[in-house]
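Peer 1: Mind having a look at this structure? Questions to follow.
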Amino acid sequence: MTDENKKADDVTEQPAARSSQTPGPGLKRRDLLRNVGVGSVAAGLGSATYLQGLNLGRMRAMAQDTGPVKIGFIEDESGNLAVYGLQKLHAAQLAVKEINEGKTLKGDANIGAGMVGVLGKVAANPPVISKEGTALDVVNDGGAQDKADLVFDEDDDILIDSGEQGVLGREVELVSADGQSNNAVWQQLARRMIQQDQVDVLVAGFASAEREAIRPIVDQFSQLYFYTNQYEGGVADANTFCTGPVCEQQVIPTVQYMVENFGPNCYTIAADYNFGQLTAAWTRAFIPLVGGNIVGEEFIPLSVSEFSQVIARIQQTNPDWVMTLLVGQNHHNYYPQAAAAGLKYPMASTVNMAQGYEHKRFPPPSMANMHNAIQYQMEVPTGRNRAFVQRWMEMFPEDQYIGEMAQNTYFTIHLYAKAARLAHTTDQETVRRALELGWGIEAPEGSVFLEPGTHHCAHPIRLAYCDEQHNVSFLRDWPMIQAWWLQRLGVNLIRNPEYKQYVPDEDPYFSFV
Amino acid sequence: MGLTGGLVPPVIAATGFGGERAMDELAVIASVLYQFGTNAAFLLLCALGLIVILGMMNIINLAHGELMMLGAYTATIAYQRGMPFWLSVVCAFVAVGIFGAILERLVVRRFYGRELGALVVTWGISLILAQGTLVLLGPFMPAIPIPGGNFAVGQYSFSGYWIGMIVVCAALIAALWWLYNRTEIGLHARATMQNATMARALGVNTDRIYMLTFSLGAGLAGMSGALLAPTTSIQPFMGQQFVAPAFITVVVGGAANVIAGALSSSLLLSLVKTPVGFLVGAFWGTVVLLLAALIIIRLIPDGISAAIQRWLERGARVR
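Those protein sequence lines, which keep their order, are chains D and G. Numbered according to this note's numbering, the first sequence spans residues 1 to 513. Numbered according to this note's numbering, the second sequence spans residues 1001 to 1319.
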């Protein structure tokens, strides 16, 4: 265990890590599963009927298909976004290798998109209930409920045997292509993958612009599509599953923590395009609810790389903390320049550090005092993550970092394999229905739940903090945050298929205060 | 507010003897001056190598950004081998200067007088340099920490390194002026620039002058890249961020007088950009910068330096 991990474990608000070290106390997720066992068997039976009744003819046709299961994969392996794309490619290669070696991640469709647990007072042992009568007398209360613990279990080992090599007896093949950070190339490749390679599933997309470039093509051919990026939220598309975290899962925890700990006055600097504008809108909408306010907001063109004036404007306003939503290599220069100018304001973000590992690329103290509510970055101090990082580094010893979206890509491909196994086919419509049962999957980040109605995932969120020496610790854990915004808007892709992206203007939440 | 008013030195002001308002005023003035200086220094550093090559040789060097990138890489590698930062910068100047000389001998000299050909070939060189760096050295280099600490005036704090850069810029301009106006090579270079055929007839080795000029321009680009390296992330495509400011500064400055052009245009553009950027924001600062460039080019198509030249000549005739 490294020093920084030790430090992180010492933080008292570290329930996930702590509970994994103390097997025994509290109601465990295993018990929850056992308790709902009857229900889940029924659900399992129901689901089998639900799936198999769907399209027997096509299933028979698929059963004759003995070729490999093709996973179409487009990421930017060259150009401006290669720093993210290469990580994601390696993640996909690792997942495919594991599937072909007969491994899978824990997790099932049989409890749907449930919740893992909550923080509460627990006794040393679970209570024992009398079998006599119906009064449910407590025979043994398990001792005094004298400690706070998370009613939540996190196994160290999440990679288990799948019982077969590949999927449905077929080898899994990664059909990957380089999008070259160029939207036109992306469209061309998406067409090629769908029409020519006839991939069984498409896993692709870094920038929102890339996703929006290929989504019409995905919809045209009803292609099963996974978008694995952290993004601004709002995509409601019956063919698309978004497995990364979105604004409501990241902005709100970050803003809440920053206002509580550093004060109400926030200065936002954001990249002047879709992502930066919408994430800043979320910050602006939410901050009054926790008693904060925006004292300055500036959208910076992607071409700006010299920040002395932005720094002077921030100093003039003298905020309590700064929200930095900066994207691209030009913008990353803000951090060393601000540090050199002696800017000491605490910083928050939803993108920096976890994706482009700026804390490793820039010399300290450029990223000092950065806070980011992430669902994953390489430093997550749990046993299962350490095992994952070790497996990764064995396969790719040259790699420097495993970022947020690389991990998403990894568990997403495992999730697809599990769904295809349950569906007994790679027929895209049937697999989509299998996914829409709602899934819980044990990823390196923790337990992830695919919410069926909105095709988005509930994630565990951790507040990552970067210190003066660029060491990372995790200051606060939220065991599970739903991607609730589309639910709030009434999106249900099972009953009402849609093919659009919602924007904040369509929700009165954004003019609430 | 104390009797000393606006004359309170920063140290005393910062410790609170001067009264709050005097300190605030002083801090704002210091901050605006600092912003003006850094904006001008940034533009000048971006443009320096380009204007030497464009002004002297009429070669539109689209590989300018990549030459800056090479300078940054050289400095970074030298710095990581334990060299002090200033020596790494000198290293970058020499190395990229030599590289420029080789480039001129092998490729660029075949395109003299064919401006469009030179434009395409330097663009090709830029692609090869950026992609080649990516293939050979990978997508990232560890950055150089910004040297030189910081100091505060009132609520504003300033980077010592940028102050140093402003001084370095002034020194570079002085050195260039000396080179062009006080040395024999400078005389030959100016002669070649004004009329190459006549200069050749008078015994100037114009071929050598072209090579030296291209080499000097490349070396200056490399040096600028090295100087800007600590403030930026070192990547194969980092040069692109400097190309637009460089070309705007050079075109606004014009080629009639290399040094006066670069200096006056970076000062003027900074003068326009600084107040708007400070009061309204970086976005409008950039907009106003581009707008000013547009208007200046419309009114004085051959650049500020040509206007200065005409004005000086008129003055000389009147006298």
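Glycine included, every Cβ here is placed at the ideal spot set by N, Cα and C. Please read all numbers here as calculations on a predicted model, not as lab measurements.
Hey, which unbroken runs of the alpha helix (DSSP H) at 4 residues or more fall wholly within the segment 390-435 of chain D?
Peer 2: Listed in chain order, they are 404-423 and 428-435.
Peer 1: Among the candidates I1297(G), G1277(G) and R1298(G), whose CA atom is the shortest distance from the CA of G1288(G)?
Peer 2: This sequence places Val at residue 1288(G); Gly is not what is there. Checked all of I1297(G), G1277(G) and R1298(G); the closest Cα to V1288(G) is G1277(G).
Peer 1: Compute the Euclidean distance between the alpha carbons of H90(D) and I74(D), then round it to the nearest angstrom.
Peer 2: Answer to the nearest angstrom: the Cα atoms are 12 angstroms apart.
Peer 1: Have a look at A1244(G) and S1088(G) and give me their C-alpha separation to the nearest angstrom.
Peer 2: If you take the alpha carbons of A1244(G) and S1088(G), they lie about 26 angstroms apart.
Peer 1: At a CB-CB cut-off below 8 angstroms, which residues of chain D make contact with I1146(G)?
Peer 2: Residues of chain D passing the Cβ test: P336, Q337, A339 and A340.
Peer 1: Answer yes or no: do S980(G) and G1253(G) have a C-beta to C-beta separation smaller than 8 angstroms?
Peer 2: In this structure chain G extends from 1001 to 1319, so residue 980(G) is not present and cannot be described.
Peer 1: Output, in chain order, the set of chain B residues within a Cβ distance shorter than 7 angstroms of V304(D).
Peer 2: Within the model displayed, chain B is absent; protein chains D and G are what it includes.
Peer 1: Tell me the DSSP secondary structure of D505(D) in three-state form.
Peer 2: Helix.
Peer 1: Does any C-beta atom of chain D lie closer than 8 angstroms to the C-beta of G1277(G)?
Peer 2: Judged by the 8 angstroms Cβ criterion, G1277(G) is in contact with chain D.
Peer 1: Measuring only the C-alpha atoms, how far is D108(D) from L450(D)?
Peer 2: So the alpha carbons of these two residues sit roughly 11 angstroms apart.
Peer 1: Check whether the Cβ atoms of I1248(G) and A1293(G) sit closer than 8 angstroms, and answer yes or no.
Peer 2: A contact, by the Cβ cut-off of 8 angstroms.
Peer 1: In the DSSP assignment, what are the bridge partners of A443(D)?
Peer 2: Per DSSP, G446(D).
Peer 1: How about E98(D) and L159(D): do their beta carbons lie closer than 8 angstroms?
Peer 2: Their beta carbons are under 8 angstroms apart, which means E98(D) touches L159(D) by this criterion.
Peer 1: Taking the CB atoms as reference points, tell me whether A373(D) and T254(D) lie closer together than 8 angstroms.
Peer 2: Yes, the Cβ-Cβ distance between A373(D) and T254(D) is below 8 angstroms.
Peer 1: If you measure between the beta carbons of T1122(G) and L1062(G), is that distance less than 8 angstroms?
Peer 2: Yes, they are a contact pair.
Peer 1: So V235(D) and Q482(D) are supposed to be a Cβ contact under 8 angstroms. How far apart are they, rounded?
Peer 2: So it is not a contact: roughly 16 angstroms between Cβ atoms.
Peer 1: Measuring CA to CA, which of Q1309(G), H1188(G) and G1071(G) is closest to I1098(G)?
Peer 2: The shortest Cα separation from I1098(G) among Q1309(G), H1188(G) and G1071(G) belongs to G1071(G).
Peer 1: Starting from T268(D), follow its DSSP beta bridges and name the residues at the other end.
Peer 2: DSSP output for T268(D) lists E297(D) and M323(D) as bridge partner(s).
Peer 1: Give the DSSP bridge partners of A204(D), in chain order.
Peer 2: Partner(s): I74(D).
Peer 1: Determine the contact status of F262(D) and P397(D), defining contact as a CB-CB distance below 8 angstroms.
Peer 2: Their beta carbons are not under 8 angstroms apart, which means F262(D) does not touch P397(D) by this criterion.
Peer 1: What does N1150(G) touch in chain D if you count any residue whose Cβ is under 8 angstroms from its own?
Peer 2: Those are A340, A341 and G342, listed as they occur along chain D.
Peer 1: Taking 8 angstroms as the threshold (C-beta atoms), are G1303(G) and V1251(G) in contact?
Peer 2: Taking 8 angstroms as the Cβ cut-off, V1251(G) and G1303(G) qualify as a contacting pair.
Peer 1: In three-state DSSP terms, what is W1311(G)?
Peer 2: In the structure shown, W1311(G) sits in a helix (DSSP, three-state: H, G or I).
Peer 1: For the segment 289-299 of chain D and the segment 349-365 of chain D, state whether three or more C-beta atom pairs, one from each stretch, are separated by less than 8 angstroms.
Peer 2: No, because fewer than three Cβ pairs between the segment 289-299 of chain D and the segment 349-365 of chain D fall closer than 8 angstroms, the two stretches do not touch.
Peer 1: Check the DSSP bridge columns for L463(D) and list the partner residues they point to.
Peer 2: Looking at the DSSP assignment, L463(D) forms a beta bridge with A373(D) and R476(D).
Peer 1: Report, in whole angstroms, the separation of the C-beta atoms of Y410(D) and A95(D), which I expect to be a contact under 8 angstroms.
Peer 2: Correct: roughly 5 angstroms between the Cβ atoms.
Peer 1: Is the beta carbon of L415(D) sitting closer than 8 angstroms to the one on A434(D)?
Peer 2: No.
Peer 1: Between I1234(G) and L325(D), what straight-line distance do the alpha-carbon atoms span, to the nearest angstrom?
Peer 2: Looking at the two C-alpha atoms, the distance is approximately 21 angstroms.
Peer 1: According to the neighbour-count rule (16 or more other Cβ atoms, all chains shown, within 10 Å of its Cβ), is T1231(G) buried or exposed?
Peer 2: That one is buried.
Peer 1: Looking at chain D, which residues of the segment 1235-1248 of chain G have a Cβ within less than 7 angstroms of any of its Cβ atoms?
Peer 2: So the list reads Q1235, F1237, M1238, Q1241 and A1244, given in the order they occur along the chain.
Peer 1: Using C-beta distances below 7 angstroms, list every residue in its chain close to V1052(G), excluding the 5 sequence neighbours before and after it, in chain order.
Peer 2: Cβ within range, chain order: T1213, L1216, G1217, L1220 and V1258.
Peer 1: Looking at chain G, which residues of the segment 346-369 of chain D have a Cβ within less than 7 angstroms of any of its Cβ atoms?
Peer 2: Going along the segment 346-369 of chain D in chain order, one finds R361, F362 and P363 with a Cβ nearer than 7 angstroms to chain G.
Peer 1: Whole angstroms is fine: what's the gap from E1104(G)'s alpha carbon to I1060(G)'s?
Peer 2: Distance between the alpha carbons of E1104(G) and I1060(G) is about 13 angstroms.
Peer 1: Looking only at its chain, what residues have a beta carbon closer than 7 angstroms to the beta carbon of G1164(G), apart from the 5 residues adjacent to it on each side?
Peer 2: Cβ neighbours of G1164(G) beyond the five flanking positions: G1148.
Peer 1: In the DSSP output, which residue or residues are listed as bridge partners for T104(D)?
Peer 2: Paired residue(s): I160(D).
Peer 1: Please confirm if Q315(D) has its CB atom under 8 angstroms from at least one CB of chain G.
Peer 2: It does: the Cβ of Q315(D) has a partner Cβ on chain G nearer than 8 angstroms.
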